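Residue numbers (this note's numbering), protein chains in the order written: chain A, 205 to 351; chain B, 5 to 172.
The beta carbon of each residue, even a glycine, is placed where N, CA and C say it ideally should be.
Computed from a predicted structure; not experimentally measured.
Below is one structure, written out as structure tokens, with a few remarks after it.
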Amino acid sequence: MDTIDRLIINQLQSDFPICETPYQVVAERLGLTEACLIERLQALLDNGTLTRFGPLYHAERMGGALTLAAVKVPTERFAEVTALINAFPEVAHNYARSHELNMWFVIATESLDQQQKTITAIEQQTGLRVYNMPKLNEYFVGLKLEA
Amino acid sequence: MFDARDYELLAHVQLGLPLCPRPYEAVGTALDMSEQDVLERLNRLKQQGLIKRLGVIVKHHRLGYRANAMIVWNVPECLIKVLGQRISQFSFVTLCYQRPKQPEWPYNLYCMIHGKDRQTVLAQLEQLNADCGIEHLESAVLFSLRCFKQRGALYQPIDKPSLAHGYY
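Given below as structure tokens:
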């Protein structure tokens, strides 16, 4: 990854234009040719620096339900509980974290009802209490990880 | 707020925009929609907030962001809005949420900091705490140790194509 790649990533973490020739617009901003920008993006996707190039949707406004949940997993049961929880298709992200509540995961379902069913099923299968921490408010941040 | 054609469009573009000079025309061709229709729909969906953001989604690790901390505070209800807005302004804060307290879990304000290493993250947190004058609040820092699962397409309705959205 060189300076030009960094420029591209930093520029494209904010909004990609919705117009007839968006790559041309961005390329001009960056002082590149359209062909060069497209080629670079393709390479960044191919080598795995970028996960994706496209839209991020607002789950709740799409009609979905999303929550953050956590469990306290005894050390000796960690592998077993990880496998149980990850097996749920409703579990989107799952992280081990440095705290007594040591496993944190996102549950994404179509409805609140399904969310509750998923939580209950996880509690039954693991025998652990699921702490449900739904979002009450989101404070806007301009998402940017400087490359 | 959105119709079946919008949904088809969202499902089609979620995995990635075509990398060609007229990407929206290419999307339209695939869906039997005019380029103009695609542009109008996407602009509207963006304005309505259904599309939060359009652009690159990076792998944190590949950019050298190896430390990911979730910081939680126990904030008096009357201060939470002001503090949430304040904290979200720091350039290194990537997410900021209010979530409910629980028995044995007294925290209600959450933020994420993605940093190159733990030391940097802790220094940034120290700066944030000092600038906001909240060093005295009860808080905890939860660094991620391992990521077990991370997928983009988050929910998969039975009768509809699945859609990706942003969480982290």
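Is there a Cβ of chain B sitting closer than 8 Å to that of residue i, yes or no?
i: A:K339; result: yes
i: A:R281; result: no
i: A:I213; result: yes
i: A:S278; result: The amino acid occupying residue 278 of chain A in the given sequence is Pro; Ser does not appear at that position. No - not a single Cβ of chain B is within 8 Å of the one on A:P278.
i: A:R233; result: no
i: A:L288; result: no
i: A:T253; result: yes
i: A:G331; result: no
i: A:E284; result: no
i: A:L236; result: no
Can you tell me whether DSSP reads residue i as helix, strand or coil?
i: B:F152; result: strand
i: B:V31; result: helix
i: A:C223; result: coil
i: A:Q217; result: coil
i: B:N133; result: helix
i: B:T124; result: helix
i: A:I406; result: Missing from the structure shown is residue 406 of chain A; chain A here goes from 205 to 351 and no further.
i: A:V229; result: helix
i: A:L234; result: helix
i: B:L1; result: With chain B running from 5 to 172 in the structure shown, residue 1 of chain B is simply not present.
i: B:Q40; result: helix
8 Å is my cut-off, CB to CB: does residue i come that close to chain A?
i: B:A8; result: no
i: B:A34; result: no
i: B:I91; result: yes
Using CA coordinates, which residue listed in the options is at the minimum distance from residue i?
i: A:F309; options: B:H65, B:P25, B:R26, B:M74; result: B:M74
i: B:E142; options: B:L67, B:T124, B:V79, B:L83; result: B:V79
i: B:G59; options: A:E238, A:T313, A:Q217; result: A:Q217
i: B:V76; options: A:L305, A:F292, A:E238; result: A:L305
i: B:H118; options: B:L43, B:H64, B:Q18; result: B:H64
i: A:Q329; options: A:P226, A:H262, A:L288, A:G235; result: A:L288
i: A:E182; options: B:K85, B:A8, B:M116, B:E44; result: The displayed coordinates of chain A run from 205 to 351. Any statement about residue 182 of chain A would go beyond what the structure contains.
Who pairs with residue i in a beta bridge, going by DSSP?
i: B:I138; result: According to DSSP, B:I138 bridges with nothing at all.
(Q) Restricting to runs no shorter than 3 residues, where is the beta strand (DSSP E) found entirely within the stretch 240-328 of chain A? (A) Runs of the beta strand (DSSP E) inside the stretch 240-328 of chain A: 254-261, 269-275, 295-301, 307-313.
Q | Every unbroken alpha helix (DSSP H) within the stretch 42-93 of chain B, with a cutoff of 4 residues, ordered by chain | A | Those alpha helix (DSSP H) runs which fall completely within the stretch 42-93 of chain B and span 4+ residues are 84-91.
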